[in-house]
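Here the sequence shown is numbered in the numbering used here, starting from 43 and rising by one per residue.
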Amino acid sequence: MRGMPVDIEAVRRDFPILARQVHGKRLVYLDNAATTQKPAAVIEALDRYYRNYNANVHRSVHKLAEEATLAYESARQEVARFLNAARPEEVVFTSGTTEALNLVAYAWGRANVRAGDAIVYTDIEHHSNLVPWQLLAEAVGAEIRVVEVDPEAGLDLDRLEAVLDERVRLVTLPHISNVLGLELPVAEVARRAHQVGAVVVVDAAQSAPQQPIDVQALGCDFLALSGHKLYGPTGIGVLWGRYELLAAMPPFLGGGEMIRRVGLTRSTFADPPARFEAGTPKIAGAIGLGAAVEYLEGLGMDRVAAHDRALAAQAHEALLEVPGVTVYGPPPDRRAGLVAFSLDDIHAHDLASLVDTEGVAIRAGHHCCMPLHDRLGVPATARASFAVYNGPDDIEALVRAVHAARKVFNR
Ligand code: C6P
Numbered sequence: 043m044r045g046m047p048v049d050i051e052a053v054r055r056d057f058p059i060l061a062r063q064v065h066g067k068r069l070v071y072l073d074n075a076a077t078t079q080k081p082a083a084v085i086e087a088l089d090r091y092y093r094n095y096n097a098n099v100h101r102s103v104h105k106l107a108e109e110a111t112l113a114y115e116s117a118r119q120e121v122a123r124f125l126n127a128a129r130p131e132e133v134v135f136t137s138g139t140t141e142a143l144n145l146v147a148y149a150w151g152r153a154n155v156r157a158g159d160a161i162v163y164t165d166i167e168h169h170s171n172l173v174p175w176q177l178l179a180e181a182v183g184a185e186i187r188v189v190e191v192d193p194e195a196g197l198d199l200d201r202l203e204a205v206l207d208e209r210v211r212l213v214t215l216p217h218i219s220n221v222l223g224l225e226l227p228v229a230e231v232a233r234r235a236h237q238v239g240a241v242v243v244v245d246a247a248q249s250a251p252q253q254p255i256d257v258q259a260l261g262c263d264f265l266a267l268s269g270h271k272l273y274g275p276t277g278i279g280v281l282w283g284r285y286e287l288l289a290a291m292p293p294f295l296g297g298g299e300m301i302r303r304v305g306l307t308r309s310t311f312a313d314p315p316a317r318f319e320a321g322t323p324k325i326a327g328a329i330g331l332g333a334a335v336e337y338l339e340g341l342g343m344d345r346v347a348a349h350d351r352a353l354a355a356q357a358h359e360a361l362l363e364v365p366g367v368t369v370y371g372p373p374p375d376r377r378a379g380l381v382a383f384s385l386d387d388i389h390a391h392d393l394a395s396l397v398d399t400e401g402v403a404i405r406a407g408h409h410c411c412m413p414l415h416d417r418l419g420v421p422a423t424a425r426a427s428f429a430v431y432n433g434p435d436d437i438e439a440l441v442r443a444v445h446a447a448r449k450v451f452n453r
């Protein structure tokens, strides 16, 4: 597989799961937007922690606790570097993108959004970047303003301008849509939102695994991501926030280690990030995420981006040649690393089940984006999403499997 930005054969050897078969066929894993597979470096980092230095962090003074704390805080530094954060204290470990977004909606939102204020988001959001804001708006009596995004052309900044005024306290958007494979112009949005004094929250669940993220260049205020989509473990994610904003926010969850001083009727709170990491944190998860980030940096995020995009473009073009296929989202040359599609009136779940019998794992459904599917006029789509271990042979397998599915349905 020459000519690809990433050495696919070498990378595949790093992922033990790729050695297994599914229904007697080579595993072709194209459900990476749901969760990625894990390199041995991540699995071994978890194994090392549990075998050699499993202990709670920031509490005890014994050797194991010291080693665990050091590894946990080193992971925070790795992630801060990965995102080009100004300082490691801007990285809060959460359970994932969903918790990170809820943290902002709850802690920042309830302290800063009042009745009559407005919250702006797009109509292509994942439910985890819709529901927390709806709950916030309902709790405080805020207005929700929705910016329509053209599935092919993208976000028209004039449409954004049309809803921005001094009542807008917050603008949030996905960096890359998990259905359309469309990238939104975060830096431009942030510039315009800041002109009216709004803070900008970025859902980077899909972009962080696919391209370099520089929070300072993006100019946003908060950014959320999930470790399990970034070749790391489940149960770990990140909320990055500008330090001044985090420092001014009340806590999200209350409990151990997020405090400065606890009295029987009142407490004061630790500085960020501890303020937002109540209770025993996700120690193994953070260490695993640190290893994942190191692995990706070894490959080079520019190369990862070029690789995923090249595959998605190839898949888009190849699927369009299958009679009856509709592909959703931007054209191949502007597409990030995933392709959602449908085949005639065949339900996406039936299509995905048939494709699975050929060893090809894709996702089907509304992908937690019901409003977007309403907009597309389909209840569900099938979606192939790409990662560093995928190659053109995987696209050939997908297209063969879709052709085979057509035959089953007599198309
Ligand atoms: N999308 C998908 O198959 P969590 O579940 O917290 O790790 O991530 C939530 C999330 C938020 N935003 C976007 C853009 C996402 O794509 C996701 C997760 C998965 O598309 C599971 S629904």
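Every residue, glycine too, gets a C-beta built ideally from N, C-alpha and C.
As the structure is a prediction and not an experimental result, all values here were calculated from the model.
Report task. State the Cα-Cα distance for the pair Arg54 and Ala334, rounded to the nearest angstrom. Result -> Taking the straight line from one Cα to the other gives about 15 Å.
**Report entry** Length of the line joining the Cα atoms of Ile255 and Asp263
**Finding:** Distance between the alpha carbons of Ile255 and Asp263 is about 13 Å.
Query raised in the report: Would you say Val221 and Gly366 are within 9 Å of each other, going by their C-beta atoms?
Result: Annotated as distal: Val221 and Gly366, with beta-carbon spacing of 9 Å or more.
Requested in this report: Taking only runs that begin and end inside the segment 268-356, name each unbroken alpha helix (DSSP H) of 4 or more residues, in chain order.
Outcome: If we require 4 residues or more, the alpha helix (DSSP H) runs fully inside the segment 268-356 come out as 285-290, 325-341.
Query raised in the report: Thinking C-beta only, is Gly330 closer than 9 Å to Gly401?
Result: No, they are not a contact pair.
Query raised in the report: Cβ atoms of Val243 and Leu215: under 9 Å apart, would you say?
Result: In this structure, Val243 lies closer than 9 Å to Leu215 by Cβ.
**Report entry** Integer Cβ distance of Val503 from Val162, believed to fall under 8 Å
**Finding:** Residue numbering for the chain in the displayed model covers 43 to 453; residue 503 lies beyond these limits and cannot be assessed.
Query raised in the report: The beta strand (DSSP E) with Pro216 in it runs from where to where?
Result: Here the beta strand (DSSP E) through Pro216 covers 210-216.
Report task. Answer with buried or exposed for Lys80, where buried requires no fewer than 16 other C-beta atoms within 10 angstroms of its C-beta. Result -> Label assigned to Lys80: buried.
Query raised in the report: For the candidate residues Val450, Leu272, Ala348, Thr399, whose alpha-carbon lies nearest to that of Val84?
Result: Nearest of Val450, Leu272, Ala348, Thr399 to Val84, Cα basis: Leu272.
Requested in this report: May I ask you to check if the CB of Asn171 is nearer than 8 Å to at least one heavy atom of ligand 1?
Outcome: Yes, the beta carbon of Asn171 sits closer than 8 Å to at least one heavy atom of ligand 1.
Requested in this report: Write down every uninterrupted run of the beta strand (DSSP E) in the segment 107-169 whose length is 3 residues or greater and which is fully enclosed by it, in chain order.
Outcome: Entirely contained in the segment 107-169, the beta strand (DSSP E) runs reaching 3 residues are, in chain order, 133-136, 160-164.
Requested in this report: Taking 8 Å as the threshold, find out whether the segment 272-290 comes into contact with the segment 127-143 through three or more Cβ pairs.
Outcome: Contact holds between the segment 272-290 and the segment 127-143, because three or more Cβ pairs, one in each stretch, are under 8 Å apart.
Query raised in the report: Roughly how many whole angstroms lie between the Cα atoms of Leu226 and Ala382?
Result: When rounded, the distance between both Cα atoms is 17 Å.
Query raised in the report: When the Cα of Val441 is compared with those of Ser309, Ser384, Leu418, which residue comes out closest?
Result: When only C-alpha atoms are compared, the closest one is Ser384.
Query raised in the report: Along the chain, where does the beta strand (DSSP E) that runs through Tyr370 open and close?
Result: Start and end: 367-370.
Query - Length of the line joining the Cα atoms of Ala240 and Arg156 - result: Roughly 13 Å between the two C-alpha positions.
**Report entry** Cβ shell of Asp436 (< 7 Å), same chain only, five flanking positions each side left out
**Finding:** Cβ neighbours of Asp436 beyond the five flanking positions: Val70, Leu72.
Report task. Check the Cβ-Cβ distances between Tyr370 and every residue of chain B, and say whether any is below 9 Å. Result -> Of the protein chains in the structure, only one exists, and it is not chain B.
Requested in this report: Check whether the segment 332-349 touches the segment 285-300, taking contact to mean three or more Cβ pairs, one atom from each stretch, closer than 8 Å.
Outcome: In this structure the segment 332-349 does not lie against the segment 285-300, because fewer than three pairs of beta carbons, one per stretch, are closer than 8 Å.
Query raised in the report: Under 9 Å, do His526 and Pro130 count as touching if we go by C-beta distance?
Result: Absent from the model: residue 526. The displayed extent of the chain is 43 to 453, so no value can be given.
Report task. Using 10 angstroms around the beta-carbon of Asn452, count the other beta-carbons present and answer buried if the total reaches 16, otherwise exposed. Result -> Label assigned to Asn452: exposed.
Query raised in the report: Hey, how far is the Cα of Asp56 from the Cα of Asp192?
Result: Taking the straight line from one Cα to the other gives about 38 Å.
Report task. Figure out for me which residue from Glu194, Ala439, Gly327, Glu359 has the closest Cα to the Cα of Arg90. Result -> Closest option to Arg90, Cα to Cα, is Gly327.
Report task. Would you identify the three-state DSSP class for Tyr95, choosing helix, strand or coil? Result -> Correct three-state label for Tyr95: coil.
Query raised in the report: How should Ala290 be labelled, buried or exposed, when 16 other C-beta atoms within 10 angstroms of its C-beta is the threshold for buried?
Result: When all chains shown are included, Ala290 counts as exposed.
Report task. Can you tell me which of Arg377, Asp386, Ala394, Arg425 puts its alpha carbon nearest to the alpha carbon of Glu194? Result -> Among Arg377, Asp386, Ala394, Arg425, the Cα nearest to that of Glu194 belongs to Arg377.
Query raised in the report: Hey, which residues come within less than 5 Å of ligand 1, measuring from Cβ to any heavy atom, in chain order?
Result: Proximity annotation: ligand 1 has residues Ala75, Ala76, Gly138, Thr139, Thr140, His168, Ser170, Pro216, Asn220, Asp245, Ala247, Gln248, Ser268, His409, Cys410 in chain order, each selected because its CB is closer than 5 Å to a heavy atom of the ligand.
Query raised in the report: Quick one: what does DSSP say Ala443 is sitting in, helix, strand or coil?
Result: Helix.
**Report entry** Exposure label - Ala147; buried when at least 16 CB within 10 Å
**Finding:** It counts as buried.
Report task. Quick one: give me the first and last residue of the alpha helix (DSSP H) that Leu177 is part of. Result -> Element bounds for Leu177: 173-182.
Requested in this report: Taking Ile404 as the reference, give the member of Ser137, Gly342, Ala76 with the closest Cα.
Outcome: Looking at Ser137, Gly342, Ala76, the one whose alpha-carbon comes closest to that of Ile404 is Ala76.
Query raised in the report: Alpha carbon to alpha carbon, what distance is there between His415 and Pro292?
Result: So the alpha carbons of these two residues sit roughly 36 Å apart.
Requested in this report: Using beta-carbon positions only, say whether Glu208 and Val238 come within less than 9 Å of one another.
Outcome: If you check the CB distance, Glu208 and Val238 come in under 9 Å.
Query raised in the report: So which of Leu260, Gly379, Pro251, His409 has the shortest CA-CA distance to Glu230?
Result: Minimum Cα distance to Glu230 is reached at Leu260.
Query raised in the report: Measuring CA to CA, which of Val134, Trp175, Ile186, Gln252 is closest to Asp344?
Result: It is Gln252.
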